[in-house]
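Engineer: Below you'll find the structure I mean.
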Amino acid sequence: MNELSRGKRWTWTEIRPDGVVGFVPGSNAMNMAQGFGLYLTLQRAVKGKGAVVPYPGHMHGYHAKHGDTFQDILARMEIHTALHPEICGNGQAFNITDAQKPVTWAELWPKLCEHFGLVGSKPSESPQDLGAFVKRHEDVWRAIAKKYGLNEELVAQQGWGHTQYMIVDFDFDRQMDLSKARSVGFEEEIDTAQGYLIAWERMRAAKILPPREALDTLQSRI
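Here you go:
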(Lines of atoms letter the chains of each structure in order from A and count residues from 1; the text may use other names and numbers.)
(Lines give C-alpha, C1' and ligand atoms only; values in the text may rest on other atoms or scores of the structure.)
Protein backbone atom coordinates (compact mmCIF):
# COMPACT_ATOMS: atom_id res chain seq x y z
CA MET A 1 0.00 0.00 0.00
CA ASN A 2 2.87 2.37 0.72
CA GLU A 3 4.29 1.68 -2.73
CA LEU A 4 0.92 2.06 -4.45
CA SER A 5 0.12 5.34 -2.69
CA ARG A 6 3.52 6.95 -3.21
CA GLY A 7 3.11 10.13 -5.25
CA LYS A 8 -0.67 9.75 -5.40
CA ARG A 9 -3.39 12.00 -3.99
CA TRP A 10 -4.67 9.24 -1.72
CA THR A 11 -3.19 7.71 1.40
CA TRP A 12 -4.17 4.95 3.79
CA THR A 13 -4.41 4.06 7.47
CA GLU A 14 -4.55 0.74 9.32
CA ILE A 15 -7.10 0.44 12.17
CA ARG A 16 -6.52 -2.37 14.68
CA PRO A 17 -9.52 -3.36 16.84
CA ASP A 18 -9.82 -6.19 19.36
CA GLY A 19 -12.91 -8.43 19.10
CA VAL A 20 -15.60 -6.40 17.35
CA VAL A 21 -18.95 -6.15 19.12
CA GLY A 22 -21.88 -5.15 16.97
CA PHE A 23 -24.85 -5.88 14.75
CA VAL A 24 -25.22 -6.67 11.06
CA PRO A 25 -28.72 -6.96 9.55
CA GLY A 26 -28.05 -10.16 7.66
CA SER A 27 -26.50 -11.98 10.63
CA ASN A 28 -22.86 -13.09 10.75
CA ALA A 29 -21.52 -16.46 11.89
CA MET A 30 -18.48 -14.76 13.47
CA ASN A 31 -20.48 -12.17 15.40
CA MET A 32 -19.64 -12.87 19.03
CA ALA A 33 -22.31 -10.50 20.38
CA GLN A 34 -24.90 -12.42 18.39
CA GLY A 35 -23.51 -15.72 19.70
CA PHE A 36 -23.63 -14.56 23.32
CA GLY A 37 -27.12 -13.15 22.78
CA LEU A 38 -28.42 -16.45 21.42
CA TYR A 39 -26.68 -18.46 24.14
CA LEU A 40 -28.04 -16.32 26.97
CA THR A 41 -31.52 -16.24 25.45
CA LEU A 42 -31.52 -20.04 25.48
CA GLN A 43 -30.12 -20.15 29.02
CA ARG A 44 -33.02 -17.95 30.12
CA ALA A 45 -35.59 -20.04 28.23
CA VAL A 46 -34.27 -23.37 29.52
CA LYS A 47 -33.38 -22.46 33.11
CA GLY A 48 -35.64 -19.51 33.88
CA LYS A 49 -35.27 -16.10 35.49
CA GLY A 50 -32.51 -15.78 38.07
CA ALA A 51 -30.66 -18.90 36.94
CA VAL A 52 -26.93 -18.90 37.61
CA VAL A 53 -24.84 -19.05 34.43
CA PRO A 54 -21.12 -19.62 35.06
CA TYR A 55 -18.58 -17.92 32.84
CA PRO A 56 -17.86 -20.70 30.32
CA GLY A 57 -14.06 -20.48 30.34
CA HIS A 58 -11.16 -20.88 32.77
CA MET A 59 -10.50 -18.80 35.88
CA HIS A 60 -7.39 -17.21 34.33
CA GLY A 61 -9.47 -16.20 31.29
CA TYR A 62 -12.12 -14.75 33.60
CA HIS A 63 -9.54 -12.30 34.93
CA ALA A 64 -7.55 -11.71 31.73
CA LYS A 65 -7.49 -8.10 30.53
CA HIS A 66 -8.80 -7.23 27.09
CA GLY A 67 -10.65 -4.47 25.29
CA ASP A 68 -13.54 -5.24 22.97
CA THR A 69 -14.32 -2.79 20.17
CA PHE A 70 -17.93 -1.67 19.75
CA GLN A 71 -18.81 -1.18 16.09
CA ASP A 72 -19.73 2.51 16.53
CA ILE A 73 -16.37 3.30 18.14
CA LEU A 74 -14.60 1.46 15.32
CA ALA A 75 -16.61 3.27 12.64
CA ARG A 76 -16.03 6.69 14.21
CA MET A 77 -12.31 6.05 14.47
CA GLU A 78 -12.24 5.11 10.78
CA ILE A 79 -14.15 8.28 9.90
CA HIS A 80 -11.82 10.36 12.08
CA THR A 81 -8.71 9.06 10.33
CA ALA A 82 -10.31 9.51 6.91
CA LEU A 83 -11.06 13.15 7.72
CA HIS A 84 -7.52 13.81 8.98
CA PRO A 85 -5.18 12.20 6.45
CA GLU A 86 -2.48 14.77 7.14
CA ILE A 87 -1.91 13.33 10.63
CA CYS A 88 -3.37 9.82 10.26
CA GLY A 89 -2.29 8.75 6.77
CA ASN A 90 0.90 7.39 5.22
CA GLY A 91 0.26 3.84 6.41
CA GLN A 92 0.07 4.63 10.10
CA ALA A 93 -1.55 2.04 12.37
CA PHE A 94 -3.89 2.84 15.27
CA ASN A 95 -5.21 0.55 17.97
CA ILE A 96 -8.84 1.08 18.89
CA THR A 97 -10.94 -0.43 21.68
CA ASP A 98 -13.89 0.80 23.73
CA ALA A 99 -11.71 2.57 26.29
CA GLN A 100 -8.12 2.95 27.39
CA LYS A 101 -8.89 1.06 30.60
CA PRO A 102 -9.13 -2.67 29.79
CA VAL A 103 -11.94 -4.90 31.02
CA THR A 104 -12.16 -8.49 32.25
CA TRP A 105 -14.88 -11.10 31.89
CA ALA A 106 -15.16 -10.93 35.67
CA GLU A 107 -16.52 -7.41 35.16
CA LEU A 108 -18.47 -8.05 31.95
CA TRP A 109 -20.07 -11.47 32.34
CA PRO A 110 -22.38 -10.60 35.28
CA LYS A 111 -23.59 -7.46 33.46
CA LEU A 112 -24.30 -9.34 30.23
CA CYS A 113 -26.16 -12.09 32.07
CA GLU A 114 -28.15 -9.54 34.09
CA HIS A 115 -29.54 -8.10 30.85
CA PHE A 116 -31.25 -11.47 30.29
CA GLY A 117 -32.48 -11.80 33.87
CA LEU A 118 -29.71 -14.26 34.72
CA VAL A 119 -26.94 -14.30 37.32
CA GLY A 120 -23.47 -14.48 35.84
CA SER A 121 -20.96 -16.24 38.07
CA LYS A 122 -17.32 -17.26 38.11
CA PRO A 123 -16.24 -20.30 36.06
CA SER A 124 -17.13 -23.83 37.06
CA GLU A 125 -14.42 -26.50 37.31
CA SER A 126 -14.24 -27.15 33.57
CA PRO A 127 -15.02 -25.00 30.50
CA GLN A 128 -18.56 -25.06 29.11
CA ASP A 129 -19.18 -25.87 25.45
CA LEU A 130 -21.54 -23.17 24.20
CA GLY A 131 -22.26 -24.93 20.92
CA ALA A 132 -23.08 -28.22 22.65
CA PHE A 133 -25.56 -26.49 24.97
CA VAL A 134 -27.24 -24.80 22.03
CA LYS A 135 -27.33 -28.04 20.04
CA ARG A 136 -29.13 -29.81 22.89
CA HIS A 137 -31.76 -27.10 22.94
CA GLU A 138 -32.27 -26.32 19.25
CA ASP A 139 -35.92 -27.32 19.65
CA VAL A 140 -36.32 -24.58 22.25
CA TRP A 141 -34.88 -22.01 19.85
CA ARG A 142 -37.19 -23.20 17.07
CA ALA A 143 -40.17 -22.69 19.36
CA ILE A 144 -38.97 -19.19 20.28
CA ALA A 145 -38.31 -18.35 16.63
CA LYS A 146 -41.71 -19.61 15.52
CA LYS A 147 -43.50 -17.66 18.25
CA TYR A 148 -41.74 -14.35 17.51
CA GLY A 149 -41.17 -14.63 13.76
CA LEU A 150 -37.40 -15.16 13.94
CA ASN A 151 -35.03 -17.31 11.87
CA GLU A 152 -35.49 -20.91 13.03
CA GLU A 153 -32.10 -21.91 11.57
CA LEU A 154 -30.12 -19.11 13.20
CA VAL A 155 -28.56 -21.09 16.04
CA ALA A 156 -27.41 -23.73 13.55
CA GLN A 157 -25.90 -21.02 11.34
CA GLN A 158 -23.99 -19.33 14.15
CA GLY A 159 -20.24 -20.00 14.17
CA TRP A 160 -20.05 -21.50 17.65
CA GLY A 161 -16.38 -22.38 17.26
CA HIS A 162 -15.58 -18.68 16.87
CA THR A 163 -17.89 -17.70 19.73
CA GLN A 164 -16.25 -20.32 21.96
CA TYR A 165 -12.77 -19.14 20.98
CA MET A 166 -13.48 -15.49 21.79
CA ILE A 167 -14.77 -16.16 25.31
CA VAL A 168 -12.98 -19.39 26.31
CA ASP A 169 -9.74 -19.83 24.36
CA PHE A 170 -8.69 -16.20 23.80
CA ASP A 171 -7.81 -16.19 27.48
CA PHE A 172 -4.70 -14.08 27.99
CA ASP A 173 -3.97 -10.42 28.72
CA ARG A 174 -4.15 -8.51 25.45
CA GLN A 175 -4.98 -4.94 26.44
CA MET A 176 -4.15 -2.32 23.81
CA ASP A 177 -2.50 1.06 24.15
CA LEU A 178 -4.73 3.79 22.70
CA SER A 179 -2.29 6.66 23.18
CA LYS A 180 -1.65 7.01 19.46
CA ALA A 181 -5.39 7.32 18.71
CA ARG A 182 -5.65 9.91 21.46
CA SER A 183 -2.66 11.80 20.05
CA VAL A 184 -4.54 12.50 16.80
CA GLY A 185 -7.62 13.75 18.63
CA PHE A 186 -9.85 10.69 18.88
CA GLU A 187 -11.25 10.64 22.42
CA GLU A 188 -14.53 8.72 22.17
CA GLU A 189 -15.15 5.86 24.60
CA ILE A 190 -18.03 3.61 25.61
CA ASP A 191 -18.62 1.23 28.48
CA THR A 192 -17.99 -2.22 26.97
CA ALA A 193 -21.10 -3.80 28.48
CA GLN A 194 -23.18 -0.96 27.04
CA GLY A 195 -21.83 -1.78 23.58
CA TYR A 196 -23.22 -5.30 23.89
CA LEU A 197 -26.59 -4.03 25.11
CA ILE A 198 -26.92 -1.63 22.18
CA ALA A 199 -25.98 -4.40 19.74
CA TRP A 200 -28.61 -6.71 21.25
CA GLU A 201 -31.31 -4.04 20.99
CA ARG A 202 -30.43 -3.59 17.32
CA MET A 203 -30.70 -7.36 16.87
CA ARG A 204 -34.13 -7.32 18.49
CA ALA A 205 -35.27 -4.56 16.16
CA ALA A 206 -34.06 -6.69 13.23
CA LYS A 207 -35.82 -9.81 14.58
CA ILE A 208 -32.59 -11.69 15.22
CA LEU A 209 -33.30 -11.96 18.96
CA PRO A 210 -36.76 -12.11 20.58
CA PRO A 211 -38.08 -8.88 22.11
CA ARG A 212 -36.76 -8.19 25.58
CA GLU A 213 -40.23 -8.11 27.09
CA ALA A 214 -40.63 -11.71 25.93
CA LEU A 215 -37.92 -12.90 28.34
CA ASP A 216 -40.38 -13.13 31.23
CA THR A 217 -42.62 -15.48 29.26
CA LEU A 218 -40.03 -17.62 27.47
CA GLN A 219 -39.86 -20.48 29.94
CA SER A 220 -43.54 -20.64 30.75
CA ARG A 221 -44.97 -20.41 27.23
CA ILE A 222 -42.68 -21.95 24.64
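Numbering (the working numbering), first residue to last: 28 to 249.
The beta-carbon is built from N, C-alpha and C at its ideal position, and this holds for glycine as well.
1) Please state the DSSP three-state secondary structure of residue 121.
2) Name the two residues that bound the continuous alpha helix (DSSP H) containing residue 210.
3) Okay, do the stretch 129-140 and the stretch 213-226 touch, 3+ Cβ pairs below 8 Å being the bar?
4) Just to confirm my understanding: we take residue 149, look at its own chain, exclude 5 residues before and 5 after, and list those with CB closer than 8 Å. What are they?
5) From the DSSP secondary-structure annotation, give me the bridge partner or partners of residue 113.
6) Use the C-beta contact count for residue 199: other C-beta atoms within 10 angstroms, 16 or more gives buried, fewer gives exposed.
7) Return the chain-ordered list of same chain residues with a C-beta closer than 7 Å to the C-beta of residue 114, the five sequence neighbours on each side being excluded.
8) Apart from the five residues on each side of it in sequence, which residues of its chain come closer than 7 Å, Cβ to Cβ, to residue 79?
9) Tell me, which residues are paired with residue 147 by DSSP?
10) So, helix, strand or coil for residue 41, using DSSP?
11) With DSSP as the reference, label residue 247 as helix, strand or coil.
12) Using DSSP with H/G/I as helix, E/B as strand and the rest coil, what is residue 142?
13) Quick check on the burial criterion: 16 or more other C-beta atoms within 10 angstroms. Buried or exposed for residue 106?
14) Taking the alpha carbon of residue 234 as the reference point, which residue from 217, 179, 40 and 202 has its own alpha carbon closest?
15) Judging by CA-CA distance, which residue of 63, 57, 174 and 42 is the nearest neighbour of residue 252?
Structural biologist: Quick look at the numbers:
1) Residue 121 falls in the strand class under three-state DSSP.
2) Here the alpha helix (DSSP H) through residue 210 covers 206-210.
3) Yes, the stretch 129-140 is in contact with the stretch 213-226.
4) Closer than 8 Å at the Cβ level, and outside the excluded window around residue 149, lie 81, 82, 86, 89 and 133.
5) Residue pairing for residue 113: DSSP places it in no beta bridge.
6) Burial is judged here by how many other beta carbons sit within 10 angstroms of a residue's own beta carbon; residue 199 has fewer than 16 and is exposed.
7) Take residue 114, set aside five residues on each side of it, and the residues of its chain with a beta-carbon closer than 7 Å to its own are 211, in chain order.
8) If you ignore the 5 residues before and after residue 79, its C-beta comes within less than 7 Å of the C-beta of 146 and 148, all in its own chain and listed in chain order.
9) Paired residues: 80.
10) Residue 41 falls in the strand class under three-state DSSP.
11) Confidence is the limiting factor: at residue 247 the pLDDT is only 49, short of 50, which leaves the residue's position unreliable and the question unanswerable from this model.
12) In the three-state reduction of the DSSP assignment, residue 142 falls in the helix class.
13) That one is exposed.
14) The candidate whose alpha carbon is nearest that of residue 234 is 179.
15) Because residue 252 is not part of the residues shown, which for the chain are 28 to 249, the question remains open.
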